[in-house]
Structures are given as structure tokens and as C-alpha cells.
Amino acid sequence: MAKCLALSLIISGLFIGLVSPEWNLLNPRWGKRVEEVSPEWNILNQRLEENVVGDNLKSYCESWRINVELNNIRGFSVVPQECVEHVKKYMTSSQYKADSVRAVEEIRLYLSGCCTLKGDGKYSWIFDIDETLLSTIPYYKKHGFGGEKLNATSLEAWMKESKAPALDHTLELFHEIKNKGFKIFLVSSRKEILRSATVDNLVNVGYHGWTSLKLRGFDDELVEVKKYHSKVRQELVDEGHRIWGIVGDQWSTFDGLPMPNRTFKLPNSIYYKP
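Numbering-wise, the sequence shown is residues -21 to -1, 1 to 253 according to mature numbering (1 follows the signal peptide of the UniProt record, and there is no 0).
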């Protein structure tokens, strides 16, 4: 009877802890520990705590990741340390691929009825590069998966090797949009010094036939990413181009004027570009 009473107290304590205003995900305060009631239940108490904290940590990290995608969480320099493993699992999972493929299917659906090209050569589409056409996941696997502050010198050295793999779903989409008659503009926050390596990488994995590759020149390096992308779009519009769509993985890719007819964001929980 005493053991049953102790177990009841454990379970009650857990539920009280979950709803208590003193509950803190990373430092839960459970009140009395079970060993104070019955020392022989110490192991059970430990397992219950690990399970409940683990489940809530997973929920917390998934909520954090979703709110990054919704653009509610902005300006973070690193992924929270307790969520690095969670983000890593997602970005290397079949779910990440499924989410990306679903986004691409939405683009195809839009294209099926959005526009009739008039043949004047001014219908345009913009693609970002990293985590849109090419994947930097191989780099981040070796560098903390977002849990380390970005080392731009290290990342650029890796980019110069031209070994980033293509994202297959957008590789197919790229050619479908090009074959419909759209002019393709690649607009990236990569620096101009990476042009040769970027072109080699793109061609090596199957991208070709774009109209122009826009990279950040020396004068643009200190400009916010969103202002840089807005500036490039304005230049294209001034040249008479009609921007029907943009595909990217960062909200800063779409921010500002002029706006295209539609924007499509691919998932990316590893880093944030303001």
C-alpha cells in the first residue's frame, strides 16, 4: 500500500510540476523528490524525470524551429545549444526533404495557372543559392550544425572548393521554370570573390542556362542582406523585368520593395540572415 501511495505521489507531482508557474523547461523544479518519500523509488523517479523533461525539450525545440520558419524568431546568431541535435536531426531527415518537396509542389501548382508569357523576354524568376539550389549541410555537419557562431572565413574557404551538392527538388524545378520561358536570375548574399567557385559548383551539379548571377560586390558587403536583395530586385524592375516569383530559404530574401507576384520559402533552421 505504501508503495502504491508513493507512486501516486510521483505522478501527481509530475502533473503539478508541468502546470506550475515555477516550471522551467531547462531547470524544472519538481518540489519534493521521491526518495524523500521512499528511497527505493529513486530509480523510478529519475526515469520519470528524464522522460518528461526529454519530451518537453523536444516540444520546445520543435516549437523554436517552427517559429524560426514563421519569422517570429529573428536575429539569432546560433541555434540554442539544447536544440542543436534536434535541428540536426530535422535538417538531415526525410521530413526536411518532404517539407521542401511540398514547397516545390506548391510552386508547380502556382505555375500551372499563374501566367501566360507574351514572348518579350521580360518574365523573370529569382532563386537564392545556399539551401535553395545548393546545400551547405556538409559544411555544417562539421561545424556545430548552427550551434557555433558562423565563421565566415571558414565557410567561404569551403565554398571555394565547389563541392556543395544540389538540392534535387529545386534542381528539377529550376529547369522546369527555365523551360517555360522565364529568365532565371540567381541572387545570393555570397561575395563577388566567390563567383568563379559558385559558377563551377552550380554547373558541376547540373544548373545551367541562368540569365545572370548577382553576388555582393565590395560596396554591398556591409549592407543588410534584405536591403541588398531589395536593391537587386529594383535594378531588375528598372530594366523592365517582371518578377513573377522568388524561391529562397531566408525571409530577408523576400523583404522590401519591389515585391514579386509570389514568394516561396524553403525550410532552413540552421542560420538566420538579417
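Even glycine gets a Cβ: it sits at the ideal position worked out from N, Cα and C. Being a predicted model, the structure only gives us computed values, none of them experimental.
Q. Just curious, the alpha helix (DSSP H) that residue 137 is in, first and last residue?
A. From DSSP, the alpha helix (DSSP H) with residue 137 extends over 131 to 138.
(Q) Which same chain residues end up closer than 8 Å to residue 253 when comparing Cβ atoms and leaving out the 5 residues on each side of it in sequence? (A) So the qualifying residues of the chain are 53, 54, 203, 204, 205 and 231.
**Q.** Residue from 139, 155 and 127 whose Cα sits closest to the Cα of residue 87
**A.** The shortest C-alpha separation from residue 87 is found at 155.
**Q.** Inter-stretch contact (C-beta, 8 Å, three-pair minimum) for the region 78 to 87 and the region 123 to 143
**A.** Using a Cβ-Cβ distance cut-off of 8 Å, the region 78 to 87 and the region 123 to 143 are not in contact, since fewer than three pairs of beta carbons, one from each stretch, lie closer than that value.
Q. Quick one: what's got a C-beta closer than 8 Å to residue 201's C-beta in the same chain, skipping five residues either side?
A. Correct list: empty, nothing qualifies.
Q: Find the nearest neighbour of residue 116 within the set 95, 66, 219 and 195, judged by alpha-carbon distance.
A: Answer by Cα proximity: 66.
Q. Taking just the CA atoms, how far does residue 45 sit from residue 251?
A. Rounded to whole angstroms, the separation of the alpha carbons of residue 45 and residue 251 is 13 Å.
Q: Give the single residue among 237, 228, 229 and 227 whose Cα lies nearest to the Cα of residue 254.
A: The requested residue 254 is not part of the displayed model; the chain covers only -21 to 253.
Q) In whole angstroms, what separates the C-alpha of residue 164 from that of residue 57? A) Rounded to the nearest angstrom, the two C-alpha atoms are 30 Å apart.
Q.
Measuring only the C-alpha atoms, how far is residue 183 from residue 34?
A. When rounded, the distance between both Cα atoms is 43 Å.
Q. Whose C-alpha, out of 38, 177 and 79, is nearest the C-alpha of residue 228?
A. Of 38, 177 and 79, the residue nearest in Cα terms is 79.
Q) Can you round the beta-carbon distance between residue 124 and residue 223 to whole angstroms, since I take them to be within the 8 Å contact cut? A) Going by Cβ atoms, the distance from residue 124 to residue 223 rounds to 34 Å, so no, they are not a contact pair.
Q.
Check this for me: beta carbons of residue 143 and residue 113, under 7 Å apart or not?
A. Taking 7 Å as the Cβ cut-off, residue 143 and residue 113 qualify as a contacting pair.
Q: Could you tell me if residue 174 is buried or exposed, where buried requires 16 or more neighbouring beta carbons within 10 angstroms of its beta carbon?
A: In summary, residue 174 is exposed, with fewer than 16 beta-carbon neighbours lying within 10 Å of its beta-carbon over all protein chains present.
Q. Do residue 178 and residue 211 have their CB atoms nearer than 7 Å?
A. Cβ distance not < 7 Å, so residue 178 and residue 211 don't count as in contact.
Q.
My output table needs one value for residue -11: the three-state DSSP class, helix, strand or coil.
A. Confidence is the limiting factor: at residue -11 the pLDDT is only 43, short of 50, which leaves the residue's position unreliable, though a coordinate-based value still follows. Helix.
Q. Alpha carbon to alpha carbon, what distance is there between residue 69 and residue 75?
A. About 6 Å.
Q: Rounded to whole angstroms, what's the CA-CA distance from residue 213 to residue 92? Just pull it up for me.
A: The straight-line gap from Cα to Cα measures roughly 26 Å.
(Q) Between which residues of its own chain and residue 103 is the CB-CB distance below 8 Å, once the five residues before and five after are set aside? (A) Cβ neighbours of residue 103 within its own chain (closer than 8 Å, five residues either side excluded): 161, 162, 163, 164, 190, 215, 220, 221, 222 and 223.
Q.
Here's a check: name, in chain order, each residue in its chain whose Cβ is nearer than 7 Å to the Cβ of residue 43, leaving out the five neighbours to either side.
A. Within the same chain, residue 43 has close Cβ partners 52, 59 and 62.
**Q.** Environment of residue 208 [buried if 16+ CB atoms lie within 10 Å]
**A.** Buried.
Q: Rounded to whole angstroms, what's the CA-CA distance from residue 153 to residue 172? Just pull it up for me.
A: Residue 153 and residue 172: Cα-Cα distance of roughly 24 Å.
(Q) Here's the rule: buried if 16 or more other CB atoms are within 10 angstroms of the residue's CB, otherwise exposed. What is residue 111? (A) Buried is the call here.
Q. For residue 121, does the count of other Cβ atoms within 10 angstroms reach 16, so buried, or fall short, so exposed?
A. So residue 121 counts as exposed.
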